[in-house]
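Colleague: Yeah, the sequence shown ends on 728 if you go by our numbering, and it's all consecutive.
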Amino acid sequence: MNSELVQQFKAYLQLQHEPVGLAFLEQVPEQVEHIGKRVPSACTFWRLGEQGVFYANTEDHKECPIGMMTMGFTMPASDVERANALVETMANVQYFSPAEVSALPTVQKPHQFIVYGRLDLLPLEPDVVLCMMDTQQSMLIAEALGQVNWLQGGQSAFGRPTCGVIPRTLKTGETSLSFGCVGARTYTEMTPGEVVLSIPGEQFAELVERLQTIAQANNALAPFHQQQKALFPA
495 MNSELVQQFK AYLQLQHEPV GLAFLEQVPE QVEHIGKRVP SACTFWRLGE QGVFYANTED
555 HKECPIGMMT MGFTMPASDV ERANALVETM ANVQYFSPAE VSALPTVQKP HQFIVYGRLD
615 LLPLEPDVVL CMMDTQQSML IAEALGQVNW LQGGQSAFGR PTCGVIPRTL KTGETSLSFG
675 CVGARTYTEM TPGEVVLSIP GEQFAELVER LQTIAQANNA LAPFHQQQKA LFPA
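1. Does Ile660 come out as helix, strand or coil in the three-state DSSP assignment?
2. I need the boundaries of the beta strand (DSSP E) containing Val623, first residue and last residue.
3. What span of residues does the alpha helix (DSSP H) with Glu594 cover, start to end?
4. Answer with buried or exposed for Tyr549, where buried requires no fewer than 16 other C-beta atoms within 10 angstroms of its C-beta.
5. Name the two residues that bound the continuous alpha helix (DSSP H) containing Arg679.
6. Which stretch, first to last residue, makes up the beta strand (DSSP E) that contains Glu688?
7. Consult DSSP for Leu519 and reduce its assignment to one of helix, strand or coil.
8. Do Pro617 and Val526 have their CB atoms nearer than 8 Å?
9. From Ala517 to Leu715, what does the alpha carbon distance come to, in whole angstroms?
10. Tell me which same chain residues have a C-beta within less than 6 Å of the C-beta of Ile660, skipping the five on either side of it?
11. Please classify Pro599 as buried or exposed, where buried requires at least 16 neighbouring CB atoms within 10 angstroms.
12. Using a 10 Å radius around the Cβ and a threshold of 16 neighbouring Cβ atoms, would you call Val581 buried or exposed?
13. Go to Tyr549, then tell me how far its beta strand (DSSP E) extends in each direction, as first and last residue.
14. What residue range is occupied by the uninterrupted alpha helix (DSSP H) comprising Tyr506?
15. Enumerate in chain order the residues of its own chain whose CB-to-CB distance from Tyr681 is below 7 Å, with the five nearest sequence positions on each side excluded.
16. Would you please state the rounded distance, in angstroms, between the beta carbons of Gly546 and Arg612? I believe it to be under 8 Å.
17. In this structure, what does DSSP give as the bridge partners for Ile608?
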């Protein structure tokens, strides 16, 4: 990925987190190393990806049965049982309906591995770009994509599971936003004001170009609103 493009993306949004790329592959490039550590959830890989580049396989995702499902890995029978038990627990506390499981989006692209990594360090083109951001930054993204245009029907955002935005992005070819489920917020340590954005990899460059225009427009409008507010002291 073009590192200059990534730096522009971060600058326009004033990001606090590194954007992370995900690539779903049958074979891994030789220079990419295995993660080599156990993690409690699939979304934990997102935060680790902010620090470098690595790949993870089915076994590496097995501690997170829901993540295995959404990431499209074939689940051994024992993991299917764990997934069912987790869904049952969610249903018992009225958090999640078992009927929703069949509707969960899953990655359909054939793959044995997922390469995760900082977008500016990724040695291959990502299928999906993930980024944690606050609501103000999310507004800039929505404006850049035309998703808050009243003539175009508005935008869509999702909650649980947060990892579901990845296969949804791959399926629809559209940028997706998740408010962040309780699991993802626990494992990734998202703040209450942060959300997760999922961008189709092939659309990243175009989004950055649009962001430049929107960021400049917001900067141009800000002084007007500040002056207007000053006319009405508290």
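Backbone N, C-alpha and C define an ideal beta-carbon position, used for all residues, glycine too.
Modeller: A quick look at the data gives this:
1. helix
2. 622–628
3. 592–595
4. buried
5. 676–682
6. 688–694
7. strand
8. yes
9. 38 Å
10. Val622, Ser692
11. buried
12. buried
13. 547–551
14. 497–507
15. Pro534, Ser535, Cys537, Thr538
16. 7 Å
17. Phe518, Ala550
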